[in-house]
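Here is the structure we will look at.
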Amino acid sequence: MHELNPEAAATFIRDILTDRHRGSISFTKHARKQMALRGYTTQDVIHILGSGMVMDKDLKPNGQLHCRVEGRDLDGDMGIVVTAILDESRLLVITVLGGT
Numbered sequence: 016m017h018e019l020n021p022e023a024a025a026t027f028i029r030d031i032l033t034d035r036h037r038g039s040i041s042f043t044k045h046a047r048k049q050m051a052l053r054g055y056t057t058q059d060v061i062h063i064l065g066s067g068m069v070m071d072k073d074l075k076p077n078g079q080l081h082c083r084v085e086g087r088d089l090d091g092d093m094g095i096v097v098t099a100i101l102d103e104s105r106l107l108v109i110t111v112l113g114g115t
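FYI, in our numbering the residues of the sequence shown are 16 to 115.
Now the structure itself:
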């Protein structure tokens, strides 16, 4: 993965989410635990990633681009999803913030 501006990173994330035959999304154990604590479903996380804005990003030495995506969940509440773009077709949700 290479460095992307926030708008390009958001587009990249949306492209992975919309092409389910080519793209995939997975969750760390930590993310699943935080989702349960905060009342988030998988659909909430996908909604935030698909409609939110990339507010911060960091290209890691291993080539992964970590993005902090802020947006609204399905209930309209603000939430944050931290995800890693592993490659051109895979997202890894690292953690979630916000929720109830």
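All residues carry an ideal CB built from backbone N, CA and C; glycine is no exception.
As the structure is a prediction and not an experimental result, all values here were calculated from the model.
Strand pairing of residue i, partner residues [DSSP]
{"i": "S39", "result": "R105"}
{"i": "M93", "result": "R87"}
{"i": "A99", "result": "H81, L107"}
Boundaries (first-last residue) of the alpha helix (DSSP H) holding residue i
{"i": "G65", "result": "57 to 66"}
{"i": "L80", "result": "Element bounds for L80: not the alpha helix (DSSP H) but the beta strand (DSSP E), 80 to 87."}
{"i": "E22", "result": "21 to 33"}
{"i": "G75", "result": "Position check: residue 75 holds Lys in this sequence, whereas Gly was assumed. That residue, K75, is in no alpha helix (DSSP H); it is neither H nor E in DSSP."}
With 16 other Cβ atoms within 10 Å as the buried cut-off, status of residue i
{"i": "Q58", "result": "exposed"}
{"i": "R37", "result": "exposed"}
{"i": "M70", "result": "exposed"}
{"i": "D73", "result": "exposed"}
Beta-carbon contacts of residue i that lie in its chain and below 8 Å, excluding the five residues immediately before and after
{"i": "L106", "result": "I28, I31, L32, G38, S39, I40, S41, L64, T98, A99, I100"}
{"i": "M68", "result": "P21, A25, V84, E85, G86"}
{"i": "S66", "result": "G86, R87"}
Rounded separation between residue i and residue j - CA only
{"i": "V108", "j": "R47", "result": "9 Å"}
{"i": "L19", "j": "D34", "result": "20 Å"}
{"i": "T52", "j": "V60", "result": "The amino acid at residue 52 is misidentified as Thr; the sequence shows Leu. Straight-line Cα distance between these residues: approximately 14 Å."}
{"i": "D102", "j": "D90", "result": "30 Å"}
{"i": "V54", "j": "T43", "result": "Looking at the sequence shown, residue 54 is not Val but Gly. C-alpha separation (whole angstroms): 16 Å."}
{"i": "P76", "j": "C82", "result": "14 Å"}
{"i": "H62", "j": "Q79", "result": "22 Å"}
Cβ shell of residue i (< 7 Å), same chain only, five flanking positions each side left out
{"i": "T110", "result": "H45, A46, Q49, V97"}
Interface flag, residue i vs chain D, CB-CB below 8 Å
{"i": "Q58", "result": "Protein chains in the displayed structure number just one, and chain D is not present."}
Contacting residues, own chain, Cβ-Cβ under 6 Å from residue i (five flanking each side not counted)
{"i": "T56", "result": "none"}
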